[in-house]
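Q: Mind having a look at this structure? Questions to follow.
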Amino acid sequence: MIEMDYAATLLSKIPGASSWRDWGLRRLIDTLESYLPGEQIELVIKAYEFSAAAHQGQMRRTGEPYISHPVAVAQTLADMHMDAQAIAAAILHDVVEDTGTPVARLEEVFDSEIAALVDGVSKLDQMQFHSRAEAQAESFRKMMLAMIEDIRVILVKLADRLHNMETLGAMPRDKRVRIARETLEIYAPIANRLGINHLKVGLEDLGFRYLYPNRYAVLERALKRSKGSQRQYIKKISDKIRKAMEAEGIDGEVFGREKHLYSIYKKMNEKKRPLADIVDVFGCRIIVTDAINCYRMLGVVHSLYKPMPGRFKDYVAIPRINGYQSLHTTLFGPNGMPLEVQIRTRDMDRVAESGVAAHWQYKAEDKTSATPQRRAREWLAHLVEIQESGSSEEFLESVKVDLFPDKIYVFTPKGDIMPLPKGATTVDFAYAVHTDVGNRCVAAKIDRNLVPLRTPLQNSQTVEIITARGAKPNPHWVTFVTTAKARSAIRQYMKNMRSSESVDLGKRLLDRSLKDLDSSLRKVGKVRMKEALKELGLNSDSELFEQLGLGMRLAPLTARFLLGVKDESETKVSAASLVIAGTEGMVVSYAKCCYPIPGDEIMGYLSSGRGVVIHRNSCGNLINFRKQPEKWLTVTWEGEINRDFSSQIHVDTESKTGVLAEVAATIADSDSNIEQVSVLDRHEDCTVLNFVLQVKNRKHLAEILRNIRKMPNVMRVSRVCA
Ligand code: MN
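Numbering-wise (numbering that gives the first Met the number 0), the sequence shown opens with residue 0 and increments by one.
Here it is as structure tokens:
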């Protein structure tokens with residue numbers, strides 16, 4: 000194989016590279032050379048050239064050129080042996096957000112995969128975390144994970160945050176505190192959840208350092224003091240273990256282990272114990288070649304030092320839920336000092352350090368083109384597999400929900416996070432806030448722009464609902480809401496409304512029928528009503544009225560029953576008519592066969608369960624009148640009605656282009672809306688157009704017909720008779 004310095008040869012290809020100061024590129028390439036083939040390193044160089052040109056002239060607060068930052072982020076990922084796409088995306092991660100380079104340009108120059116990774120990181124950057132509540136932080140973490148389709152996006156973001164934390168000293172104090180808190184509350188827990196230990200440790204220690212600078216300083220000083228003696232002590236023990244290991248013929252390495260500051264701080268806080276108790280626990284890690292040797296090594300250390308009873312844990316046979324595998328034991332060291340020992344293989348160590356990232360580590364033999372989602376699923380499947388022993392599934396469940404969410408997360412105007420199912424609309428959001436907000440909502444804003452109520456929501460949008468007093472839910476909403484809460488609230492509201500409307504109508508129908516028999520509700524009286532309700536098996540008079548209003552019970556029969564009139568042979572149509580005002584709501588509807596409008600002679604048909612349906616007297620359906628006269632009511636229009644009714648007309652025109660548009664314009668000019676239009680018949684010289692329009696009354700309709708008739712290409716116009 001060719002033995003040469005890739006970094007040097009590749010760098011020599013970049014024009015003017017020799018005059019550049021090296022902002023970490025050489026070291027990055029050195030790292031990449033250890034595991035990536037040359038053509039993939041060239042991709043990384045290309046990303047570097049592109050990014051350096053885009054960030055040209057920009058500086059970090061530390062005073063260094065901006066390009067030093069993305070290279071440092073890439074270095075972190077290279078240390079984790081991530082694939083070339085992830086490294087390239089890391090180098091390009093700020094060009095969209097900070098240099099205005101369009102994502103499409105990245106797609107042109109690189110590929111859609113790298114462009115999507117950079118786009119994902121940029122979107123995460125735009126999210127703002129406000130509240131400090133713990134539940135809120137949890138939701139925010141979930142929202143972040145829900146937003147990303149490729150886990151590498153969050154890996155780039157975590158590495159980005161790590162470098163920003165490393166250079167946080169250059170920031171003003173108030174910004175330092177805010178960013179440090181966000182790191183501890185949002186990013187470190189995500190790194191932990193994804194099992195990426197060294198990122199978690201780095202983020203925690205830096206977050207701790209900037210959030211509590213004094214506590215950090217005290218702890219750091221105390222640790223330094225004990226460290227000198229600690230190092231010597233650990234070295235002595237490590238040497239002894241190494242010797243015993245060689246004597247047994249076991250291959251492996253022994254490392255001293257230092258606890259990280261934040262974990263010591265957390266332990267002190269949780270256990271309320273002094274620093275000395277916690278730092279004076281020493282630790283070492285033994286790495287061997289295979290699982291069998293883990294157990295052999297355990298025997299070796301147990302014969303060197305006495306084990307502390309009850310402290311041995313076998314996570315090799317029974318791994319932890321996040322995939323962690325290791326043997327843990329605590330020994331009585333020299334002078335009786337406790338010594339914590341971890342024994343594991345190199346593979347186990349890799350999983351313990353990189354978690355989900357282990358699945359994107361470059362492997363030369365890996366030729367599968369698995370999608371990012373599939374790789375994340377494989378990681379989960381792997382966790383499930385090693386978890387067969389069946390301990391708590393809580394962690395697994397939470398990771399699964401985070402990585403493959405069926406939820407979206409949106410903000411209220413106050414910055415609270417609201418989880419909703421995928422596909423939820425602004426109406427679902429309104430009902431999730433409160434049933435009253437849903438019932439009274441009239442409009443919605445997403446990110447401050449007015450949108451139709453049926454608009455589906457996307458992750459991290461801010462949603463504002465505009466309500467109006469007296470507003471009512473629209474029955475149509477049921478067709479697009481996705482949450483059970485919204486659906487049942489709308490249905491419940493409709494049911495209540497319908498029921499109160501039918502109670503009103505039923506009462507009027509009964510009173511009218513009683514009048515035909517020279518009586519009235521008042522004359523019947525409460526005592527007789529109570530008695531009658533009992534006989535009918537009903538609980539209240541409103542229940543009776545509702546049944547009457549819905550047409551499930553007939554008013555003339557009920558009137559006779561109330562008055563004790565036995566003669567049921569003749570049921571005639573009542574002389575007194577029911578007055579229709581057009582405001583009865585859902586219990587009064589207008590037949591689509593004859594489209595009655597105010598001014599028409601009309602009849603009402605009591606349709607079981609649907610209330611009264613109004614027909615024109617001229618309607619062909621009145622034939623049924625003879626068959627069931629008891630179901631027909633005399634109805635009349637109220638004098639002043641101010642609403643629109645549907646009406647149907649036919650227009651015969653000459654077959655010329657543009658005629659339909661002309662007729663439609665005339666209708667609009669006559670203050671009417673067209674609900675439906677169709678072409679019924681088209682001949683060589685004549686076309687019949689069918690319109691359903693909205694009119695106020697007969698007078699309005701007559702005016703519209705007159706206006707159409709005057710048109711030059713119109714031959715005939717008429718209202719449709721059913
Ligand atoms: Mn950045």
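Every residue, glycine too, gets a C-beta built ideally from N, C-alpha and C.
How far does the alpha helix (DSSP H) with C293 in it reach, from first residue to last?
A: It spans 290-303 - the alpha helix (DSSP H) in which C293 sits, taken as one unbroken run.
Q: Over what stretch of residues does the alpha helix (DSSP H) that includes G505 continue unbroken?
A: Segment 483-515, the alpha helix (DSSP H) holding G505.
Q: Taking the CB atoms as reference points, tell me whether A46 and A77 lie closer together than 8 Å.
A: It is not a contact, given that the beta carbons lie outside the stated cut-off.
Q: Less than 7 Å separating the Cβ of H54 from some heavy atom of ligand 1?
A: Answer for H54: no, Cβ out of range of ligand 1.
Q: Can you say whether I695 is buried or exposed, counting buried as having 16 or more other CB atoms within 10 angstroms of its CB?
A: Reading off the sequence shown, one finds Lys at residue 695, where the question assumed Ile. K695 should be labelled buried.
Q: Using a 10 Å radius around the Cβ and a threshold of 16 neighbouring Cβ atoms, would you call I291 buried or exposed?
A: Flag for I291 reads exposed.
Q: So, at 8 Å on beta carbons, what are the nonlocal neighbours of V436 in its own chain, with the 5 sequence-adjacent residues on each side left out?
A: Here the set comprises A429, Y430, I464, T466.
Q: In whole angstroms, what separates the C-alpha of I113 from that of I90?
A: I113 and I90: Cα-Cα distance of roughly 11 Å.
Q: Return the chain-ordered list of same chain residues with a C-beta closer than 6 Å to the C-beta of W19, the five sequence neighbours on each side being excluded.
A: The pLDDT assigned to W19 is 49, lower than 50, so where the model puts this residue is not dependable, and the model offers no usable value.
Q: Three-state secondary structure (DSSP) at N448?
A: In the structure shown, N448 sits in a strand (DSSP, three-state: E or B).
Q: Across the stretch 58-78 and the stretch 22-33, are there enough close Cβ pairs to call them in contact, namely three or more that are closer than 8 Å?
A: Cβ pair count under 8 Å is three or more, so yes.
Q: I'd like to confirm something about D173: is its beta-carbon nearer than 7 Å to some heavy atom of ligand 1, or not?
A: Answer for D173: no, Cβ out of range of ligand 1.
Q: Short of 7 Å in beta carbon distance, which residues of its chain neighbour A136, apart from the five on each side in sequence? Order them along the chain.
A: Here the set comprises E184, I185.
Q: Touch check for the stretch 648-655 and the stretch 677-694: three-plus C-beta pairs under 8 Å?
A: Yes, the stretch 648-655 is in contact with the stretch 677-694.
Q: Any chance the CB of D250 is under 7 Å from a heavy atom of ligand 1?
A: Result no, Cβ not under 7 Å from ligand 1.
Q: Just verifying my parser: in three-state terms, what is the DSSP assignment at G603?
A: Note: G603 maps to strand in three-state DSSP.
Q: What do you reckon, are the CB atoms on V152 and L123 nearer than 8 Å?
A: Yes, the pair counts as a contact, with Cβ atoms nearer than the cut-off.
Q: For a test of the three-state rule: what should DSSP assign to G389, helix, strand or coil?
A: Note that G389 scores 45 on pLDDT, short of 50, meaning its location in the model is unreliable and no value can be drawn from it.
Q: Within a Cβ cutoff of 7 Å, which residues of the same chain sit near R160, ignoring the five residues on either side of it in sequence?
A: Only T182, Y186, L202 meet the Cβ criterion.
Q: Cα separation between K312 and I240?
A: For K312 and I240, the distance between alpha carbons rounds to 20 Å.
Q: So, helix, strand or coil for P188, using DSSP?
A: Three-state DSSP puts P188 in a helix.
Q: Can you tell me which of the three DSSP states W19 falls into?
A: Because the pLDDT at W19 is just 49, under 50, the model does not fix this residue reliably, and the value given afterwards should be weighed accordingly. In this structure, W19 counts as coil in the three-state DSSP scheme.
Q: If you draw a straight line from the C-alpha of I285 to the C-alpha of D238, how long is it?
A: Answer to the nearest angstrom: the Cα atoms are 12 Å apart.
Q: Measuring only the C-alpha atoms, how far is C720 from C618?
A: Answer to the nearest angstrom: the Cα atoms are 7 Å apart.
Q: Roughly how many angstroms lie between the CA atoms of Y261 and S225, to the nearest whole one?
A: Taking the straight line joining both Cα atoms gives about 17 Å.
Q: Span of the beta strand (DSSP E) holding V462?
A: Taken as a continuous stretch (DSSP letters only), the beta strand (DSSP E) holding V462 covers 462-466.
Q: On the premise that K305 lies in contact with L330, defined as a C-beta separation below 8 Å, what is that separation, rounded to the nearest angstrom?
A: L330 to K305, Cβ: 7 Å. Contact.
Q: Quick check: is any heavy atom of ligand 1 less than 7 Å from the C-beta of D289?
A: No, ligand 1 has no heavy atom inside 7 Å of this Cβ.
Q: What does a CB cutoff of less than 7 Å around I416 pick up in its chain, not counting 5 residues either side in sequence?
A: Within the same chain, I416 has close Cβ partners Q135, S138, F139, M142, Y408, F410.
Q: Between which residues of its own chain and R468 is the CB-CB distance below 8 Å, once the five residues before and five after are set aside?
A: Once the five neighbours on either side are set aside, the close Cβ partners of R468 are R439.
Q: Quick check on this structure: which residue in A660, S646, V678, D680 has the alpha carbon closest to the alpha carbon of S671?
A: Looking at the Cα atoms, S646 is the closest of the given residues.
Q: Between which residues of its own chain and L679 is the CB-CB distance below 8 Å, once the five residues before and five after are set aside?
A: Excluding residues within five positions, the ones whose Cβ falls inside 8 Å are H649, V687, L688, N689.
Q: Report the residue from M164, V426, T635, S67 whose alpha carbon sits nearest the alpha carbon of F479.
A: Checked all of M164, V426, T635, S67; the closest Cα to F479 is V426.
Q: Secondary structure at H197, three-state DSSP: helix, strand or coil?
A: H197: helix per DSSP, three-state reduction.
Q: I'd like the list of long-range same chain contacts for K506, defined as Cβ closer than 6 Å, with 5 residues on each side in sequence excluded.
A: Cβ within range, chain order: F544.
Q: Nearest to S518 by CA position, among P555, S498, G536, is which residue?
A: Cα-wise, what sits closest to S518 is P555.
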